[in-house]
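The listed protein sequences derive, respectively, from chains A and B. With this note's numbering as the guide, the letters of the first sequence map in order to residues 8 to 169. With this note's numbering as the guide, the letters of the second sequence map in order to residues 8 to 169. Right, one structure below, let's go through it.
Number of protein chains: 2
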Amino acid sequence: MRLTTKGRYAVTAMLDLALHSDHGPVSLSDISTRQEISLSYLEQLFSKLRKQALVTSVRGPGGGYRLSRSHNEIFVAQIVDAVNESVDATGCKGRSDCQSGSTCLTHHLWCDLSDQIHDFLSQISLEQLVMRNDVRQVAERQNFEVQLGCSEKDKISAAMVD
Amino acid sequence: MRLTTKGRYAVTAMLDLALHSDHGPVSLSDISTRQEISLSYLEQLFSKLRKQALVTSVRGPGGGYRLSRSHNEIFVAQIVDAVNESVDATGCKGRSDCQSGSTCLTHHLWCDLSDQIHDFLSQISLEQLVMRNDVRQVAERQNFEVQLGCSEKDKISAAMVD
DNA sequence: TATTTACCCGACTATTTTAGTAGGTTATTA
DNA sequence: TAATAACCTACTAAAATAGTCGGGTAAATA
Chain A
8 MRLTTKGRYA VTAMLDLALH SDHGPVSLSD ISTRQEISLS YLEQLFSKLR
58 KQALVTSVRG PGGGYRLSRS HNEIFVAQIV DAVNESVDAT GCKGRSDCQS
108 GSTCLTHHLW CDLSDQIHDF LSQISLEQLV MRNDVRQVAE RQNFEVQLGC
158 SEKDKISAAM VD
Chain B
8 MRLTTKGRYA VTAMLDLALH SDHGPVSLSD ISTRQEISLS YLEQLFSKLR
58 KQALVTSVRG PGGGYRLSRS HNEIFVAQIV DAVNESVDAT GCKGRSDCQS
108 GSTCLTHHLW CDLSDQIHDF LSQISLEQLV MRNDVRQVAE RQNFEVQLGC
158 SEKDKISAAM VD
């Protein structure tokens with residue numbers, strides 16, 4: 008099972024895209040600023056997301072990325088799958104050759120777990136995430152911080168220490 | 008989320024312990040042979056399992072490890088927790104400081120997922136695993152292989168290629 | 001058409017984690 | 001006291017993660 012910042016970043020970035028999709032394509036540098044993810048790293052992730060047809064790109068000034076389909080047709084599992092190879096909990100990628108060619112003692116348990124995780128993440132769409140209160144609150148805070156800019160933000164942080 | 012061979016090995020070893028618990032303590036070298044896990048690595052894992060009071064040890068000849076309580080009172084989640092720090096899917100270990108001190112956009116989603124996984128693995132006891140058909144079959148094969156010994160096993164493998 | 005914006009791509013790198021080694025010490029039993 | 005097996009510390013190779021860097025290429029605007 009592999010679920011690290013790579014998968015988390017991808018979902019976060021896609022959710023950012025969904026949240027800001029009403030004014031044309033969203034540039035990676037915008038996402039980078041709002042979500043504090045390195046631009047080059049985002050480029051790598053979006054290359055994979057594009058190949059899996061989860062986003063479409065628009066080049067040139069004013070360009071960026073757009074979700075390739077409706078918010079309720081994109082699920083978290085698809086995003087994680089696109090950047091990680093899989094959300095597989097087995098060590099043998101389901102091939103049952105975990106113990107020198109044969110099945111290991113706990114193979115079926117990890118298969119069950121993989122299914123469980125996959126089912127859970129397959130049921131959560133971007134639409135659902137956008138509607139959540141906790142997501143809306145964080146998004147609002149992020150928009151506010153970006154408006155302030157870094158220097159102003161630092162001043163406030165410094166002021167709050169006093 | 009961290010579920011790698013470390014956690015898988017630990018559960019496999021504990022299940023092996025449960026399967027062979029009827030003739031006194033089980034030595035790590037036995038587990039090492041049956042499950043093909045390096046002895047030194049097993050020692051590291053059992054050090055943690057012992058500290059979490061999941062097993063008790065018996066030193067000296069004929070010694071080994073015993074499960075510290077009944078098979079239906081030890082759950083997979085406890086084993087994985089003992090060797091990994093946690094089955095946490097968040098990047099901030101639940102502290103909500105994922106985005107430079109504040110909560111990141113997808114924090115709550117990963118909390119939900121962590122709960123989901125933990126609940127699932129908390130419901131599976133060693134007892135249940137021991138009863139499963141797939142587990143019994145693999146265990147039987149392993150006992151047979153150990154009886155043959157390595158050299159005999161290689162001969163059979165070689166014969167099967169012809 | 002020049003310039004800017006932003007996607008696109010491959011190679012490289014520091015850090016961390018995993019998985020495993022090596023070499024010893026302590027306790028128990030035969 | 002010899003053998004066995006737990007116990008402990010430190011080290012290490014390999015892999016994965018989380019980036020960086022340096023160049024492209026395509027499209028829009030001025």
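In this text, a Cβ means the ideal position worked out from N, Cα and C, and glycines have one as well.
Please check if any C-beta of chain A sits within less than 8 Å of the C-beta of B/His115.
yes
What does DSSP give as the partner residue(s) for A/Phe82 in the beta ladder?
A/Ser132
For the beta strand (DSSP E) that contains A/Leu74, what are its first and last residues?
71–74
Quick one: list the residues of chain A neighbouring B/Thr12, beta-carbon separation under 7 Å, in chain order.
Gly98
Using a C-beta to C-beta distance shorter than 9 Å, which residues of chain B count as neighbours of A/Ser54?
Neighbours of A/Ser54 on chain B: none; closest Cβ ~21 Å, over 9 Å.
Between which residues of its own chain and B/Glu80 is the CB-CB distance below 6 Å, once the five residues before and five after are set aside?
none
Sub-8 Å separation of A/Ser121 and A/Ala146 beta-carbons:
no
In its own chain, which residues sit with a C-beta less than 7 Å from the C-beta of A/Ser129, not counting the 5 before and 5 after it?
Phe82, Ala84
Members of the segment 99–112 of chain B that neighbour chain A once the beta carbon cut-off is set at 8 Å:
Gln106, Ser107, Ser109, Thr110, Cys111, Leu112
B/Thr11 burial status per 10 Å Cβ neighbour count (16 or more: buried):
exposed
My guess is that B/Ser107 and A/Arg148 are in contact by the Cβ rule of under 8 Å, so how many angstroms apart are they, rounded?
B/Ser107 to A/Arg148, Cβ: 12 Å. No contact.
Any idea what DSSP makes of B/Thr40, helix, strand or coil?
helix
Taking CB distances under 8 Å as the criterion, tell me whether B/Arg143 reaches chain A.
no
Would you call the CB atoms of A/Ser34 and A/His78 closer than 8 Å?
no
What does DSSP give as the partner residue(s) for A/Asp29 in the beta ladder?
A/Gly31
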